[in-house]
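If you count the sequence shown from 1, you need to add 15 to reach our numbering. Just below is one structure, and these are the notes that go with it.
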Amino acid sequence: MTSSEITTAKTIAQINDATRNFILVAVVIAKSDPRFFSGNPKSRGNFEPDSHDTSIATARGVITLTLRDSERDTINCTVWGKADTITHYDNSFEIGSIVDVNRPQVSSAMFGRSEQYSPNVTSPYCLTINDQTEIAQITRHEGLQDASRLKALVHVPPVQSSATIPLADIVASGSGCNGETFNVLVVVRAVRAKRDIRIARSNQMKSFREVVLMDYSHPGVLMKFWSESYVRWVERWASMQTVLLIVDARVEYSDYYKTICLAMDKKTIVTQDPNLPQLNNLLSYAQSIPKQDIDVVCSLSSGSVDPATINTVMTVQQIHDRAEGDQEDQFTALCFAVITRLDLDGPSRIVSERCVHCRTLVRGQEAACPKYDCAGHVTPDATREPFFDITVDITDHTGTLTGCRMVSRVAETVLDCDVTTFKRQSDEQKTQLKWKFLLDRCAVRLIVKRRSAVRFQNLFSIVDCTIADPTEVEAKLKVY
Numbered sequence: 016m017t018s019s020e021i022t023t024a025k026t027i028a029q030i031n032d033a034t035r036n037f038i039l040v041a042v043v044i045a046k047s048d049p050r051f052f053s054g055n056p057k058s059r060g061n062f063e064p065d066s067h068d069t070s071i072a073t074a075r076g077v078i079t080l081t082l083r084d085s086e087r088d089t090i091n092c093t094v095w096g097k098a099d100t101i102t103h104y105d106n107s108f109e110i111g112s113i114v115d116v117n118r119p120q121v122s123s124a125m126f127g128r129s130e131q132y133s134p135n136v137t138s139p140y141c142l143t144i145n146d147q148t149e150i151a152q153i154t155r156h157e158g159l160q161d162a163s164r165l166k167a168l169v170h171v172p173p174v175q176s177s178a179t180i181p182l183a184d185i186v187a188s189g190s191g192c193n194g195e196t197f198n199v200l201v202v203v204r205a206v207r208a209k210r211d212i213r214i215a216r217s218n219q220m221k222s223f224r225e226v227v228l229m230d231y232s233h234p235g236v237l238m239k240f241w242s243e244s245y246v247r248w249v250e251r252w253a254s255m256q257t258v259l260l261i262v263d264a265r266v267e268y269s270d271y272y273k274t275i276c277l278a279m280d281k282k283t284i285v286t287q288d289p290n291l292p293q294l295n296n297l298l299s300y301a302q303s304i305p306k307q308d309i310d311v312v313c314s315l316s317s318g319s320v321d322p323a324t325i326n327t328v329m330t331v332q333q334i335h336d337r338a339e340g341d342q343e344d345q346f347t348a349l350c351f352a353v354i355t356r357l358d359l360d361g362p363s364r365i366v367s368e369r370c371v372h373c374r375t376l377v378r379g380q381e382a383a384c385p386k387y388d389c390a391g392h393v394t395p396d397a398t399r400e401p402f403f404d405i406t407v408d409i410t411d412h413t414g415t416l417t418g419c420r421m422v423s424r425v426a427e428t429v430l431d432c433d434v435t436t437f438k439r440q441s442d443e444q445k446t447q448l449k450w451k452f453l454l455d456r457c458a459v460r461l462i463v464k465r466r467s468a469v470r471f472q473n474l475f476s477i478v479d480c481t482i483a484d485p486t487e488v489e490a491k492l493k494v495y
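Here it is, written out as structure tokens:
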């Protein structure tokens, strides 16, 4: 064997222009979607579009792996080859895989065209694997000596937390930052089920997952993951337990949600549970906020907004129109409307129960709090607290607001009756109480939270309701 054929082990820090015939052992920290095209790449024009047809013999492809072998050093490795070779690499390696990169070509990242579309790395060089060179290839690392050290590197943050931006700042910018990229440190609030859609351009089925992300500043921003490898990775993320440091997340304005969402970019790196001192505090905060709709309604009804300050008169139609706009997440309204649903004496749920320890909603005949880490789950006796949870419809000359919620102390004040007294009342007494308000025009003060990544529907919380003064109605009632 000649000296030129001897393969030596190198680290990313040791790689330079003159490095040849070496092997690099590293962990995958990011992976691009494979791209496929038809024909020999040398014969393709610079502006010839990619093809998604990989069935023909001449189909080729490219994929990029971003690698790390120390807390400091990262490098991109781009693989060119036949479609089946690229598909093999895509299926074989994922985030966290430890690989051997055998005899790659080394070139300066400054002149590497692929670096423009790859994650930012520390190395001034980039690696290339081409299937025209038989020896050059990427294989799964079989050694055990460095496995634990390399595996731990997937938690090394590519940037520090000081380089991240709050979600609220991104959302507040609206469509003005559409297409830009930012770094965010977030908690996974919810992981939605995988969905399949047909891509019109290629007529192929494509899977994606939607993940709701939150931080100190914002309760939920949606992020879509289209890559098959990321779709599989998302399945292992746990709601309210997984923290993500996302570098170069792309901002996209959603016409459906009427707000800003995030998406993967060719430069995006996602680090799960990064080694950052802020991680535990962020998790603790996430677990303390209201999560269910009833929690949000109870929070809104707890006095966070003084009903006396809600004086903006709006019709039902105006409330609907503003809720469908792209302004702030929350607004208030004073609506002079008739109560058309108040089922105090019927089958509708009027009283719900929650855990006295953590305030979590307890449904049905469950004796204990559903949260395993709550004292109410271990000692269920006398841990359920009843509270009003009433669904109300209000109607004016422009339409109906259905499913408004009136809960807790607000309902007690409006009905002039506490839960204990209400539960002791006869059906006849409940009917009499209902008719004090039903079909009467009332001054209803509401807090409206628009639908978002967290909520599929608008939320209407009644924070005050009184029989309207006809003189005031005549003076303030709007035509539209």
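Cβ atoms here follow ideal geometry from the backbone N, Cα and C, with glycine treated the same way. If you're wondering where the values come from, they're calculated on a predicted model, not measured in any experiment.
For residue i, which of helix, strand or coil comes out of DSSP?
i: N91; result: strand
i: D404; result: strand
i: S363; result: coil
i: E487; result: helix
i: T2; result: Given a span of 16 to 495 for the chain in the structure shown, any question on residue 2 remains unanswerable.
i: L168; result: helix
i: E555; result: This structure gives no information on residue 555, because the portion of the chain shown stretches from 16 to 495.
i: R424; result: helix
i: T154; result: strand
i: C350; result: strand
i: G194; result: coil
i: A468; result: coil
i: V202; result: strand
i: T69; result: Since pLDDT at T69 reaches only 45, below the 50 mark, its modelled position is unreliable, and no value is offered.
i: S217; result: coil
i: L430; result: helix
i: A458; result: strand
i: S176; result: helix
i: S222; result: strand
When you compare the CB positions of residue i and residue j, do they come within less than 8 Å of one another, or not?
i: D408; j: C419; result: yes
i: Q302; j: M238; result: no
i: I44; j: V203; result: no
i: L461; j: C350; result: yes
i: D99; j: S242; result: no
i: V40; j: A24; result: yes
i: D388; j: D442; result: no
i: L259; j: Q287; result: yes
i: C92; j: I150; result: no
i: I309; j: D404; result: yes
i: V266; j: G340; result: no
i: V174; j: V249; result: no
i: R465; j: D270; result: no
i: S232; j: L182; result: yes
i: S476; j: V328; result: no
i: V236; j: V186; result: yes
First and last residue of the beta strand (DSSP E) that includes residue i?
i: F437; result: Element bounds for F437: not the beta strand (DSSP E) but the alpha helix (DSSP H), 434 to 439.
i: N496; result: Given a span of 16 to 495 for the chain in the structure shown, any question on residue 496 remains unanswerable.
i: D388; result: Element bounds for D388: n/a, residue is neither H nor E.
i: I212; result: 210 to 214
i: Q120; result: 120 to 123
i: N145; result: 140 to 145
i: D479; result: 474 to 482
i: V42; result: 37 to 46
i: V77; result: 75 to 83
i: F51; result: 50 to 52
For residue i, count neighbouring Cβ atoms within 10 angstroms of its own Cβ and tell me buried if that reaches 16, exposed if not.
i: V393; result: exposed
i: Y245; result: buried
i: S479; result: Before going on, a small fix: residue 479 reads as Asp here, not Ser. Buried, since its Cβ has 16 or more Cβ neighbours within 10 Å.
i: M279; result: buried
i: Q178; result: First, the amino acid is wrong: residue 178 is Ala here, not Gln. So A178 counts as exposed.
i: G318; result: exposed
i: L159; result: exposed
i: S367; result: buried
i: F471; result: exposed
i: D483; result: Just to set this straight, residue 483 is Ala in the shown sequence, not Asp. Classification of A483: buried, given that the 10 Å Cβ count is 16 or more.
i: N106; result: exposed
i: A338; result: buried
i: V136; result: buried
i: N198; result: buried
What are the start and end residues of the alpha helix (DSSP H) that includes residue i?
i: K449; result: 442 to 449
i: S107; result: 98 to 107
i: N14; result: In the structure displayed, the chain extends from 16 to 495; residue 14 sits before or after that span and is not available.
i: A183; result: 182 to 187
Exercise. Could you pull out every unbroken alpha helix (DSSP H) segment of at least 4 residues lying fully inside the stretch 306 to 348, listed in chain order?
Key: 308 to 314, 331 to 338
Practice problem: Kindly provide the ranges of any alpha helix (DSSP H) runs that are 4 or more residues long and lie completely inside the stretch 228 to 289, ordered along the chain. | Solution: 243 to 249
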